[in-house]
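Visitor:
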Amino acid sequence: MGVNATAWWRSAVIYQIYPRSFADGNGDGIGDLAGVRARLGHLAALGVDAIWFSPWYASPQADAGYDVADYRAIDPVFGTLVEAEELIRQAHALGIRVVVDVVPNHCSSEHPWFSEAVHSGPGSTARDLFWFRDGRGEAGELPPNDWQSIFGGPAWTRVRDGQWYLHLFDPGQPDLNWEHPKVREEFEDVLRFWLDRGADGIRIDSAALLMKDGELGDFDHAEPPVPHPYMDRDEVHDVYRAWRAIVDGYPEPRALIGELWLPDPERFAAYLRPDELHTAFNFGFLGCAWRAKALRAVVDATLAVHAPVDAPATWVLSNHDVPRHVTRYGREDTTFTLEHRQLGVPTDRALGLRRARAALLLTLALPGSVYLYQGEELGLEEVEDIPDALRQDPMFVRTNGANLGRDGCRVPLPWSGGAPPFGFSPPGAGRDPWLPQPAAWRDRTVEAQTGDPDSMLELYRRALACRRSQPELGDGPFAWLPGADPDVLAFTRGGRGALACVLNLSTAPVGLPAGTVLLASGPLDGAHLPPDTAVWLRT
Ligand code: GLC
Ligand code: CA
């Protein structure tokens with residue numbers, strides 16, 4: 010065990026709970042902490058090492074809780090702080106660690122700091138905690154610069170007295186001024202608040218965006234072009250060095266996990282230096298095409314970038330911001346980038362499922378830790394036919410529907426029964442689930458899949474149990490098997506290479522290396538591995 014026993018985050022399988030959509034305990038159609046507490050058994054049976062909770066804080070829910078009004082309180086729609094504390098204890102008792110989501114780039118427009126800033130007026134010290142500026146144009150009627158919100162439209166909104174404030178996301182998410190010591194002190198205290206309550210890790214939302222170029226000049230129209238004014242600025246590393254010192258002050262290992270969407274691998278790795286974050290999400294892998302050459306290149310690049318900083322790699326296929334991977338893999342074009350959301354594209358569900366099963370064995374066999382997103386263990390697909398009037402993602406509204414947004418991967422989970430709400434809400438609940446569930450999900454419930462050896466859920470359970478029992482898996486040595494077909498990914502784990510993973514991305518069956526098959530993602534063809542199928546072998 011050694012290092013793995015203490016540095017749990019080097020090889021953990023971490024399951025993301027999106028609280029609104031996991032399980033509804035009180036019947037109002039929205040998931041809550043009572044629902045999670047009642048369903049923790051599912052996660053223990055699944056065999057995950059940790060859970061990460063997307064924001065559960067007091068929030069007006071302008072961006073599904075990523076707009077926080079009070080970082081130390083639970084939103085009443087989800088429950089109470091006492092329940093959250095109880096939930097952390099309950100998870101720990103089951104051997105499951107807990108990661109909380111901290112959102113430092115912005116708060117809610119209903120956070121007391123922002124209300125005070127709005128009421129105090131231009132030039133007030135309360136406004137210094139945010140980015141308030143006068144507008145351009147004769148009467149200040151134009152935004153201070155040309156920055157665009159990541160959700161669409163200008164990144165500035167005007168308040169009554171005529172000043173504008175910056176919001177890289179929704180107007181309900183004003184950006185905080187990280188040059189201000191009060192902002193830094195506040196978040197250091199918020200970290201301690203959750204670490205003191207037993208959080209084993211902190212997921213840092215939009216971690217590369219905190220620092221801004223105080224000049225606030227144009228970006229898109231700057232001539233000559235300027236360095237990025239708010240993404241990945243060098244000064245942000247000081248923030249994480251301070252956070253690391255706090256986390257290191259706790260006796261048991263706590264992990265800092267960055268949400269970093271950065272194209273440059275060197276810049277990405279800089280966040281994982283020994284005195285900064287422990288790990289970060291591997292979005293290069295998430296967005297990669299289902300092709301041997303591309304996947305091999307991403308794996309190589311990932312390992313090459315992490316090695317010099319001695320940080321474990323992470324592997325992730327889905328989360329609450331991207332179309333579910335069963336859907337992506339069922340399409341002609343299997344890549345994903347943030348700018349590129351494919352809509353109404355023909356999708357072959359059977360193909361997507363077969364690939365998703367193989368992808369599970371690939372990710373769980375790669376060195377490092379793995380993130381699972383709730384519902385992927387059920388093989389859920391992206392729900393595309395949500396009526397416009399029911400869509401809630403600000404991305405949909407702010408682009409006038411040009412971008413369908415992220416509601417399709419946030420539909421409440423199906424647990425049991427033959428009709429909506431599929432056990433998501435208790436029997437006799439007064440309200441429908443906050444997004445409608447497809448009728449076809451009657452075949453995808455936890456109940457329907459339990460005990461069916463061919464189901465996605467049983468594959469996840471077997472794979473996670475097998476990963477735990479094989480000492481070579483998780484953190485540790487990795488090597489490609491020489492001589493494999495270029496359309497086949499084959500590698501060994503562990504120093505002596507006794508455990509192998511083989512994934513066939515070609516269109517014809519391929520021969521398997523000699524050995525005992527521990528687990529296969531689908532039926533084998535004698536000693537041959539069919540296309541879009543993966544195996545774990547003891548050689
Ligand atoms: C992160 C979250 C996303 C949220 C955004 C703003 O990217 O994952 O859901 O909308 O930050 O907080
Ligand atoms: Ca509820």
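In terms of my numbering, the numbers along the sequence shown are unbroken and rise by one, the last being 548.
By construction, the Cβ of each residue, glycine as well, lies at the ideal position given by its N, Cα and C atoms.
1. May I have the straight-line CA-CA distance separating residue 78 from residue 86, to the nearest angstrom?
2. What does residue 381 pair with, by DSSP beta-bridge criteria?
3. Assuming residue 148 contacts residue 156 under a Cβ cut-off of 8 Å, what Cβ separation, rounded to an integer in Å, is found between them?
4. Should residue 178 be listed as close to ligand 1, given that the test is whether its C-beta is under 7 Å from any heavy atom?
5. Going by DSSP in three states, residue 345 sits in which element: helix, strand or coil?
6. To which residues of the same chain is residue 477 closer than 6 Å at the C-beta, ignoring the five residues directly before and after it?
7. Considering only residues of the same chain and omitting the five flanking positions on each side of residue 298, which have a CB-CB separation below 7 Å?
8. Cβ of residue 268 versus every heavy atom of ligand 1: is any distance shorter than 7 Å?
9. Can you confirm whether the region 366-378 touches the region 390-397 when touching is taken to mean that 3 or more C-beta pairs between the two stretches lie within less than 8 Å?
10. With a floor of 4 residues, list each alpha helix (DSSP H) that falls wholly inside the region 235-261, ordered by position along the chain.
11. What does the alpha-carbon distance come out to for the pair residue 107 and residue 360?
12. Which word fits residue 469, buried or exposed, when buried means at least 16 other C-beta atoms lie within 10 angstroms of its C-beta?
13. Going by the CB atoms, is the gap between residue 182 and residue 84 shorter than 8 Å?
14. For residue 40, write down the residues that DSSP places opposite it in a beta bridge.
15. Can you list, in chain order, the residues of its chain with a C-beta nearer than 6 Å to that of residue 443? Leave out the 5 residues immediately preceding and following it.
16. Could you tell me how far apart the beta carbons of residue 46 and residue 90 are, in whole angstroms, since I believe they sit closer than 8 Å?
17. Provide the residue(s) that pair with residue 163 in DSSP beta bridges, ordered along the chain.
18. Taking buried to mean at least 16 other C-beta atoms within 10 Å of its own C-beta, is residue 4 buried or exposed?
19. So within the region 49-88, which uninterrupted alpha helix (DSSP H) runs reach at least 4 residues, ignoring any that extend past its ends?
20. Sorted by chain position, which residues of the same chain lie with C-beta nearer than 6 Å to residue 497's C-beta, five sequence neighbours on each side aside?
21. Nearest to residue 311 by CA position, among 275, 153, 430, 448, is which residue?
22. Starting from the C-beta of residue 191, find all residues in its chain whose C-beta is less than 8 Å away, skip the five residues before and the five after it, and write them out in chain order.
23. So does residue 329 have its beta carbon nearer than 7 Å to some heavy atom of ligand 1?
24. Quick check: what's the CA-CA separation for residue 449 versus residue 170?
25. Mind reading off the beta-carbon distance from residue 216 to residue 267? Whole number of angstroms is fine, and I expect it under 8 Å.
26. Return the CA-CA distance between residue 412 and residue 132, expressed in angstroms with no decimal places.
27. State the start and end residues of the unbroken beta strand (DSSP E) segment that holds residue 211.
28. Which residue wins for smallest C-alpha separation from residue 160, given the options 434, 527, 407?
29. Entirely within the region 250-319 and at least 3 residues each: give me those beta strand (DSSP E) ranges in chain order.
30. In the DSSP assignment, the beta strand (DSSP E) including residue 324 goes from what residue to what residue?
31. For residue 83, verify whether its CB is less than 7 Å away from any heavy atom of ligand 2.
32. Assuming the contact rule is C-beta atoms closer than 8 Å, residue 249 and residue 221 should be a hit. Round their C-beta distance to whole Å, please.
33. May I have all residues whose beta carbon comes closer than 7 Å to any heavy atom of ligand 3, sorted in chain order?
34. Determine the DSSP secondary structure at residue 457, reduced to helix, strand or coil.
35. Determine the closest residue to residue 278 out of 19, 322, 374, 200, with distance taken between C-alpha atoms.
36. Which residues in the same chain as residue 98 place their Cβ atom closer than 8 Å to its Cβ, once the five residues preceding and following it in sequence are excluded?
Guide: Let me spell this out:
1. Numbered from 1 along the sequence shown, position 69 holds the residue referred to as residue 78. Numbered from 1 along the sequence shown, position 77 holds the residue referred to as residue 86. Answer to the nearest angstrom: the Cα atoms are 14 Å apart.
2. Position 372 of the sequence shown, counted from the start, is the residue given in the question as residue 381. Answer by DSSP bridge pairing, in chain order: 24.
3. For the purposes of this step, residue 148 is taken as residue 139 along the sequence shown, with counting starting at 1. For the purposes of this step, residue 156 is taken as residue 147 along the sequence shown, with counting starting at 1. By a beta-carbon distance limit of 8 Å, residue 148 does not contact residue 156. Their separation comes to about 21 Å.
4. Sequence index remark: in the sequence shown, residue 178 carries index 169 (1-based). Within 7 Å of the C-beta of residue 178 there is at least one heavy atom belonging to ligand 1.
5. Position 336 of the sequence shown, counted from the first residue, corresponds to residue 345. The three-state reading of DSSP puts residue 345 in coil, since its state is none of H, G, I, E or B.
6. Translated into positions along the sequence shown, residue 477 becomes position 468. Correct list: empty, nothing qualifies.
7. Within the sequence shown, the letter at position 289 stands for residue 298. Only 343, 344 meet the Cβ criterion.
8. As a working mapping, residue 268 is identified with position 259 in the sequence shown. Residue 268 Cβ: within cutoff of ligand 1.
9. No: fewer than three Cβ pairs fall under 8 Å.
10. Entirely contained in the region 235-261, the alpha helix (DSSP H) runs reaching 4 residues are, in chain order, 245-257.
11. Here residue 107 corresponds to residue number 98 of the sequence shown, with the count starting at 1. Here residue 360 corresponds to residue number 351 of the sequence shown, with the count starting at 1. Take the alpha-carbon of residue 107 and the one of residue 360: they are about 34 Å apart.
12. In the sequence shown, the residue the question calls residue 469 occupies position 460. Counting of Cβ neighbours within 10 angstroms places residue 469 among the buried residues, the total reaching 16 or more.
13. By 1-based counting over the sequence shown, the position of residue 84 is 75. By 1-based counting over the sequence shown, the position of residue 182 is 173. For the pair residue 84 and residue 182, the CB atoms are not nearer than the 8 Å cut-off.
14. Locating residue 40 in the sequence shown gives position 31, where the first residue counts as 1. None; residue 40 has no bridge partner.
15. If you number the sequence shown from 1, residue 443 lands on position 434. For residue 443, where only same-chain residues beyond five positions count, the Cβ hits under 6 Å are 38, 39.
16. Counting from 1 along the sequence shown, the entry for residue 46 is found at position 37. Counting from 1 along the sequence shown, the entry for residue 90 is found at position 81. Cβ atoms of residue 46 and residue 90 stay farther apart than 8 Å, at about 14 Å.
17. Sequence index remark: in the sequence shown, residue 163 carries index 154 (1-based). 157.
18. Because the chain is modelled from 10 through 548, residue 4 falls outside the range shown and cannot be assessed.
19. Counting whole runs of 4 or more residues, the region 49-88 contains no alpha helix (DSSP H) stretch at all.
20. As a working mapping, residue 497 is identified with position 488 in the sequence shown. Within the same chain, residue 497 has close Cβ partners 513, 519.
21. Taking the sequence shown and counting its residues from 1, the one referred to as residue 311 is at position 302. If we check each option's Cα against that of residue 311, 275 comes out closest.
22. Taking the first residue of the sequence shown as position 1, residue 191 is located at position 182. Residues 138 of the same chain have their beta carbon placed closer than 8 Å to that of residue 191, with the five preceding and five following residues left out of the count.
23. Numbered from 1 along the sequence shown, position 320 holds the residue referred to as residue 329. Yes, Cβ of residue 329 sits closer than 7 Å to a heavy atom of ligand 1.
24. One-based indexing of the sequence shown puts residue 449 at position 440. One-based indexing of the sequence shown puts residue 170 at position 161. If I take the Cα positions, the gap works out to 52 Å.
25. Position 207 of the sequence shown, counted from the first residue, corresponds to residue 216. Position 258 of the sequence shown, counted from the first residue, corresponds to residue 267. That belief holds up - the Cβ atoms of residue 216 and residue 267 are roughly 4 Å apart, short of 8 Å.
26. Counting from one through the sequence shown, the residue named residue 412 turns up at place 403. Counting from one through the sequence shown, the residue named residue 132 turns up at place 123. In a straight line, the C-alpha of residue 412 is about 37 Å away from that of residue 132.
27. Sequence index remark: in the sequence shown, residue 211 carries index 202 (1-based). Run containing residue 211: 210-213, per the beta strand (DSSP E) assignment.
28. The count along the sequence shown starts at 1 and reaches residue 160 at position 151. Closest in C-alpha terms to residue 160, from the list 434, 527, 407, comes 407.
29. With a minimum length of 3 residues, the continuous beta strand (DSSP E) runs that stay inside the region 250-319 are 264-267.
30. Locating residue 324 in the sequence shown gives position 315, where the first residue counts as 1. Segment 323-325, the beta strand (DSSP E) holding residue 324.
31. Along the sequence shown, one-based indexing puts residue 83 at 74. Set against 7 Å, the gap from the CB of residue 83 to the closest heavy atom of ligand 2 is not smaller.
32. In the sequence shown, residue 249 corresponds to position 240, counting from 1. In the sequence shown, residue 221 corresponds to position 212, counting from 1. Contact flag wrong, Cβ pair sits at about 16 Å.
33. Looking at this structure, you won't find ligand 3 anywhere; what it does contain is ligand 1 and ligand 2.
34. Here the question's residue 457 lines up with position 448 in the sequence shown. Helix.
35. Sequence index remark: in the sequence shown, residue 278 carries index 269 (1-based). For residue 278, the nearest C-alpha among the options comes from 322.
36. Stepping through the sequence shown from its first residue, residue 98 is reached at position 89. Correct list, in chain order: 207.
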